[in-house]
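Participant:
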Amino acid sequence: MPTPNAFPLQERIPVGSTLKRVAHLAILSLLVLLLLYRLSSLPHHGLPWLLALLCEAWFTFVWLLNVNAKWNPVIRRTHPAHISKRCEDLPAVDMFVTTADPVLEPPIVTVNTVLSLLAIEYPAHKLACYVSDDACSPLTYHALVEASEFAKSWVPFCRKNGVGVRAPCVYFSREPEPRQLLSPGFLKDWELMKDRYEQLREKIEEAGRAGDHLCFDDELSRPTKLDRGGHPSTVKFIWENKANVADGIPHLIYVAREKRPRYPHHYKAGAMNVLTRVSGVITNAPFMLNVDCDSFANNPQVILHAMCLLLGFEEEAMSGFVQCPQKFHGGLKDDPFGNQFVVAQLTAGLGMDGLQGPFYLGTGCVHRRKVIYGAAPNGEFSAQEPELERKFGSSRELKESAMEVLMGASKTTLAIKDLSSSVYAAQQVASCTYEFGTSWGEEVGFVYGSTTEDVQTGLRIHGMGWSSVNCSLDPPGFLGNAPVDGPASMTQIKRWSTGLLEVVVGRNSPLLATLAGELRFRQCLCYLSLNVWALRSLPELCYALLPPYCVMADTSFLPKVSKHSQLH
């Protein structure tokens with residue numbers, strides 16, 4: 010791979026504004042003066058004055074946390090043309106798609122995400138797409154089988170015509186671009202592909218209506234009726250790039266981990282750890298991209314851009330993972346429910362890139378596999394067999410593949426040597442008892458203990474001394490779906506805020522990571538600004554109730570203007 014000096018893959022451009030910093034300092038001085046006035050006048054006032062002082066002190070604290078996060082904004086400019094010159098040296102990437110419920114997350118949505126990844130601009134023999142189905146749904150599996158057939162014509166169509174958005178449902182919802190209409194025969198191909206996509210959609214809908222009559226095929230067949238909370242592990246190769254060619258279609262593997270009622274499954278973090286282990290014994294790519302089932306690739310060069318940031322630093326520690334901002338497709342105008350976080354990502358997202366890097370958001374992220382395996386930036390690790398088994402479990406194949414990754418082996422192709430043995434090993438590491446007595450979910454893999462496993466995992470990575478990088482592209486790398494009604498938005502925000510509070514009061518607190526780990530102080534403040542999100546409602550509610558209380562009690566929590574001051 011070319012060194013960063015030979016071919017600059019990325020640039021760091023500070024965009025700080027002196028005027029904004031002066032304004033922030035002026036606001037800070039006013040806030041401090043207000044608090045000092047409140048404090049000095051406290052003996053002469055009652056309870057409302059004290060409550061106002063406490064609320065305003067909290068608001069000042071939160072304001073300082075937010076200003077800290079956006080004090081050093083940085084823009085990253087990437088040069089994918091430089092990295093694509095050496096196609097044969099590009100590292101391999103395993104792509105993960107997670108889904109849990111074919112009712113709440115319709116298979117056609119998952120299919121579009123998978124198709125957008127299979128058609129991404131990256132050598133196909135360096136890619137493998139793993140789909141985790143926590144429901145072990147025959148409908149989802151059937152939809153992916155149909156999608157693999159459609160991909161045989163969709164992927165070449167995208168590459169031939171330079172299609173931008175490679176999720177068919179989005180692409181065919183718009184008229185073709187004028188430049189494409191100039192290409193001979195394009196319109197005929199476009200109409201043919203649109204008809205084939207409609208046929209695919211109808212087949213999936215018809216399969217959904219068939220319901221219980223669907224089942225898995227071949228020697229790995231499962232019972233027709235499956236309990237979402239109890240089913241065996243299933244690993245199936247839907248498509249294998251046997252020719253191992255760059256212009257083919259990447260591997261497509263279906264994974265349903267084993268679930269039993271009395272065994273903890275740790276929600277999405279557990280599914281991600283199973284995907285990490287399964288991919289480790291099959292393809293073992295040094296980098297891993299993960300997306301939610303409703304987050305399609307909106308920029309076909311997104312992996313090339315991510316590689317510019319992962320390979321463009323002289324020190325690996327500067328890019329433990331690359332995070333694309335969460336952007337949304339088809340969301341409500343002006344974001345009335347505040348669940349798209351547009352302003353926060355424009356300000357704090359760029360600002361944190363000037364510190365230790367953005368949070369891990371759970372989707373649209375490219376990880377170094379060895380970082381997920383718990384490797385420190387200095388590269389130190391124990392290669393002793395007992396230590397490997399304690400961390401990674403009893404699977405010989407997984408321990409061997411983990412050793413390759415931790416020793417820095419660079420894998421540039423994902424040819425599968427022995428399919429049958431790979432499937433057997435994958436089913437073993439996907440069992441519900443495999444993690445017992447290991448470090449999965451703690452030192453290794455995605456961290457357990459919170460419903461916001463993404464933030465907690467990113468915190469552990471930053472606490473080891475790694476930095477992360479923001480990958481803000483135009484057009485955005487990935488687009489997801491945001492809730493479009495009030496109840497769904499409230500449920501989502503409640504889950505996030507509760508999970509973030511669990512992090513700050515748990516054993517993975519950013520305060521502990523700063524005192525006992527390598528998390529930098531200002532990065533710790535960034536995490537705190539996110540973790541105290543749920544607590545902000547209490548002082549805000551209290552402050553909002555002060556005016557009506559003071560009216561009813563005939564008192565005041567605001568300074569009164571004296572006649573003497575009015576004359577002047």
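Sequential numbering of the sequence shown, starting at 10, is according to my numbering. Using N, Cα and C, we set each Cβ at its ideal position, and we do this for glycine too.
Would the beta-carbon of A128 fall within 7 angstroms of that of C178?
Facilitator: no
Participant: Closest by CA to A61, which one among L196, S518, T564, Y552?
Facilitator: Y552
Participant: Can you check whether the CB of Y263 is closer than 7 angstroms to the CB of K251?
Facilitator: no
Participant: Measuring only the C-alpha atoms, how far is G467 from F368?
Facilitator: 6 angstroms
Participant: Have a look at V300, N253, V331 and flag the residue whose alpha-carbon is nearest the alpha-carbon of H376.
Facilitator: Taking H376 as reference, the option from V300, N253, V331 with the minimal CA-CA separation is V331.
Participant: Expressed to the nearest angstrom, what Euclidean distance is found between the alpha-carbon atoms of S157 and G173?
Facilitator: 20 angstroms
Participant: When the Cα of V560 is compared with those of P17, L51, P57, which residue comes out closest?
Facilitator: Nearest of P17, L51, P57 to V560, Cα basis: P57.
Participant: Going by C-alpha to C-alpha distance, which of A109, F105, R266 sits closest to L435?
Facilitator: First, the residue type needs correcting, since residue 435 is Ala and not Leu in the sequence shown. It is R266.
Participant: Going by other Cβ atoms of all chains shown within 10 Å of its Cβ, with 16 needed for buried, is Q310 buried or exposed?
Facilitator: buried
Participant: Considering only DSSP beta bridges, list what D142 is partnered with.
Facilitator: T108
Participant: How is R231 classed by DSSP in three states: helix, strand or coil?
Facilitator: Because the pLDDT at R231 is just 46, under 50, the model does not fix this residue reliably, and the point stays unresolved.
Participant: Taking N75 and S538 to be in contact with their CB atoms under 8 angstroms, please state how far apart those CB atoms are, rounded to whole angstroms.
Facilitator: 6 angstroms
Participant: In whole angstroms, what separates the C-alpha of A133 from that of R175?
Facilitator: If you take the alpha carbons of A133 and R175, they lie about 15 angstroms apart.
Participant: What residue does the alpha helix (DSSP H) around Y536 start on, and which one ends it?
Facilitator: 530-540
Participant: Hey, could you find the ends of the beta strand (DSSP E) H260 is sitting in?
Facilitator: 260-265
Participant: Ignore the nearest five residues each way along the sequence and tell me which others in T564's own chain have a CB closer than 7 angstroms to its CB.
Facilitator: G55, P57
Participant: In three-state terms, what does DSSP make of A137?
Facilitator: In the structure shown, the three-state DSSP call for A137 is strand.
Participant: Going by DSSP, which residues form a beta bridge with T87?
Facilitator: Q19
Participant: Given D303, which residues of its chain have a CB within under 6 angstroms of its CB, disregarding the five upstream and five downstream residues?
Facilitator: Take D303, set aside five residues on each side of it, and the residues of its chain with a beta-carbon closer than 6 angstroms to its own are V118, G489, N490, in chain order.
Participant: Going by alpha carbons, who is nearest to L364 out of W475, G454, E215?
Facilitator: W475
Participant: With DSSP collapsed to three states, give me the class of F566.
Facilitator: coil
Participant: What whole-angstrom Cβ distance do T460 and R504 have, given they're in contact under 8 angstroms?
Facilitator: 5 angstroms
Participant: Give the secondary structure of V24 by DSSP, where H, G and I count as helix, E and B as strand, and everything else as coil.
Facilitator: In the structure shown, V24 sits in coil (DSSP, three-state: anything other than H, G, I, E or B).
Participant: Determine the DSSP secondary structure at C374, reduced to helix, strand or coil.
Facilitator: strand
Participant: Can you tell me the Cα-Cα spacing of L153 and E527, whole angstroms?
Facilitator: 42 angstroms
Participant: Please determine, among L482, Y457, A497, the residue with the shortest C-alpha to C-alpha distance to V512.
Facilitator: Y457
Participant: Whole angstroms is fine: what's the gap from V414's alpha carbon to P484's?
Facilitator: 32 angstroms
Participant: Report yes or no: do three or more beta-carbon pairs, one from the segment 433-452 and one from the segment 383-400, lie closer than 8 angstroms?
Facilitator: yes
Participant: In terms of residue numbering, what span does the alpha helix (DSSP H) encompassing N75 cover?
Facilitator: Counting along the chain, the unbroken alpha helix (DSSP H) around N75 starts and ends at 56-78.
Participant: By the three-class DSSP mapping on this structure, what secondary structure does K379 have?
Facilitator: The answer is helix: DSSP assigns K379 an H, G or I state.
Participant: Is G417 buried or exposed, if buried means 16 or more other CB atoms sit within 10 Å of its CB?
Facilitator: exposed
Participant: Report yes if the CB atom of F583 is closer than 7 angstroms to the CB atom of A306, and no otherwise.
Facilitator: Nothing can be reported for residue 583, as the shown portion of the chain is limited to 10 through 577.
Participant: Q393: buried (16+ other C-beta within 10 angstroms of its C-beta) or exposed?
Facilitator: exposed
Participant: Any idea what DSSP makes of N250, helix, strand or coil?
Facilitator: coil
Participant: Between which residues of its own chain and Q465 is the CB-CB distance below 6 angstroms, once the five residues before and five after are set aside?
Facilitator: V456, S459, V512, N517
Participant: Mapping the DSSP letters down to three states, classify S477 as helix, strand or coil.
Facilitator: strand
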